[in-house]
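Participant: Under my numbering, the sequence shown has 320 at position 316, and the numbering climbs by one with no breaks.
We put the beta carbon where it would ideally sit given N, CA and C, even for glycine.
Remember, it's a predicted structure, so these values are computed and weren't measured experimentally.
For reference, the structure I am asking about is given below.
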Amino acid sequence: MKQTYLLSLIISLSAFFVQPSIAQSAEKPQETVAAVRVFVTNYEGDGITAIDADKRLPVAQIATGSKPHGVAIAPNGSRVYVSNEGDGTLSIIDPATNQVIKTAKVGQKPHQIAVSADSRYVFVALNGSDALAVVDAARAKVIKKIKVGRAPHIAQLSPDGATVYVTSEGDMKLVAVNAQTLKITGETPVFAWLRIPAITPDGGRIYQTIRWLNGALVIDPVKREVIDRIALGEPKFAKEGKDAHGLAVTPDGKELWLTTQTTDEVTYIATENHKPLGKIQVGHDPNWVGFTPDGRLAAVSNTASATVSLIDVAQHKVVAEVQVGKSPKRLAVGQVHIQ
């Protein structure tokens, strides 16, 4: 009798201690899966193309709005943002589903965008409103507009997340905005029509393309002045000064990659001494350059070819041409959550 009682007690206690562990296992949240994606805006279409960087294939076409212009990935990988120039809106995309989950009205002619380091705010250059819109990402609502000069074109976050740099095409200056206080902290006059800035990983230099120069200006962000110029020569006449356009610095900081729209080339340049190292032939009218986080792959949007060139950075060689939508312009490359 005692043995039967003890056996029953042992079984009961075993069940008591085992059940919670089973419950805990069942309640364990599903692990997030990350992937490297390239998102490119199709300016003469109504959305963007998502490309799997590893498979080198398009995985989704996402409708956003009229004249999608700028695109950015949140640093935490949870969202992708697209500015729709024709609609004056910002589309918020869940990369796990490749669906637009919210749309925010931001202002006239939104161009390139940046996302704060904590992924809370989206900064949108409003080319038609002469302002930088600050959008609360969670609420999909503009909380502030900062006057940054005429025709702002590009918003770009510094590597340390402290400063948003905004190009003012109309006033020919680069404006610095504190990303926390949302106040202007300084500006750099360049006396030329600004195109795209690229910042070195240590934040010590800014390279700035301008119209009528096949090359870039070199800016000291501390002194707030142009300190040098990279000139590659003018192989062809550039209508409206549309010569050099997109540029980016490799994640290791050693090379500057710059697109020349008139010759369909990417020139890679040593950041140490600003000497050109070589050229890579890509598609027609190359617009933008971006790198995967590990620096192994580069992506270049080719507006007139409706393609994205994927380039092996170490070999400086095109390894894939991916067909996308009509007139691809801006692209964003980074890690996102797909599950």
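In whole angstroms, what is the alpha-carbon distance linking residue 218 and residue 273?
Facilitator: Near 13 Å, if we compare the C-alpha coordinates of residue 273 and residue 218.
Participant: Give the range of the beta strand (DSSP E) segment to which residue 52 is assigned.
Facilitator: Per DSSP, residue 52 belongs to the beta strand (DSSP E) from 51 to 56.
Participant: Can you name the start and end residues of the beta strand (DSSP E) that residue 85 belongs to?
Facilitator: Its beta strand (DSSP E) spans residues 84 to 88.
Participant: Within its chain, find whatever has a CB closer than 6 Å to the CB of residue 140; leave out the 5 residues flanking it on each side and keep chain order.
Facilitator: Here the set comprises 147.
Participant: Here's a check: name, in chain order, each residue in its chain whose Cβ is nearer than 8 Å to the Cβ of residue 30, leaving out the five neighbours to either side.
Facilitator: Low confidence applies here, because residue 30 scores a pLDDT of 34, under 50, leaving its location unreliable and the question unanswered by this model.
Participant: Quick one: Cα of residue 301 to Cα of residue 293, how far?
Facilitator: Residue 301 and residue 293: Cα-Cα distance of roughly 11 Å.
Participant: On the three-state DSSP scale, how would you describe residue 294?
Facilitator: Strand.
Participant: Measure from the alpha carbon of residue 47 to the alpha carbon of each residue in 331, 134 and 118, then state which is nearest.
Facilitator: Checked all of 331, 134 and 118; the closest Cα to residue 47 is 331.
Participant: Determine contact between the stretch 246 to 265 and the stretch 180 to 194, defined as no fewer than three beta-carbon pairs at a distance below 8 Å.
Facilitator: Too few Cβ pairs lie closer than 8 Å, so no.
Participant: Helix, strand or coil for residue 245? Go by DSSP, reduced to three states.
Facilitator: If DSSP states are grouped into helix, strand and coil, residue 245 belongs with the helices.
Participant: On a Cα-Cα basis, can you pick out the residue from 101, 215, 222 and 214 that is closest to residue 204?
Facilitator: Of the candidates 101, 215, 222 and 214, the one whose C-alpha sits nearest the C-alpha of residue 204 is 222.
Participant: Cβ of residue 328 within 8 Å of Cβ of residue 286?
Facilitator: For residue 328 and residue 286, no; Cβs fall outside 8 Å.
Participant: Among 126, 71 and 55, which has the Cα closest to the Cα of residue 96?
Facilitator: For residue 96, the nearest C-alpha among the options comes from 126.
Participant: So is residue 59 buried or exposed if we call it buried at 16+ other beta carbons inside 10 Å?
Facilitator: That one is exposed.
Participant: Could you tell me which of 165, 180 and 166 sits nearest to residue 172, measuring between CA atoms?
Facilitator: Nearest C-alpha to residue 172: 180.
Participant: Would you grab the beta carbon distance between residue 52 and residue 44 for me? Rounded to a whole angstrom, and I think it's under 8 Å.
Facilitator: That belief holds up - the Cβ atoms of residue 52 and residue 44 are roughly 6 Å apart, short of 8 Å.
Participant: In this structure, does DSSP put residue 102 in helix, strand or coil?
Facilitator: Residue 102: coil per DSSP, three-state reduction.
Participant: Taking the C-alpha atoms as reference points, what is the distance between residue 215 and residue 231?
Facilitator: C-alpha separation (whole angstroms): 18 Å.
Participant: Is the distance from the Cβ of residue 137 to the Cβ of residue 115 below 8 Å?
Facilitator: For residue 137 and residue 115, no; Cβs fall outside 8 Å.
Participant: Please state whether DSSP places residue 161 in a helix, a strand or coil.
Facilitator: Looking at residue 161 - three-state DSSP - the assignment turns out to be strand.
Participant: Which same chain residues, not among the five before or five after residue 16, have their C-beta less than 7 Å away from its C-beta?
Facilitator: With a pLDDT of 45 at residue 16, under the threshold of 50, the modelled position of this residue cannot be trusted; read the value that follows with caution. Cβ neighbours of residue 16 beyond the five flanking positions: none.
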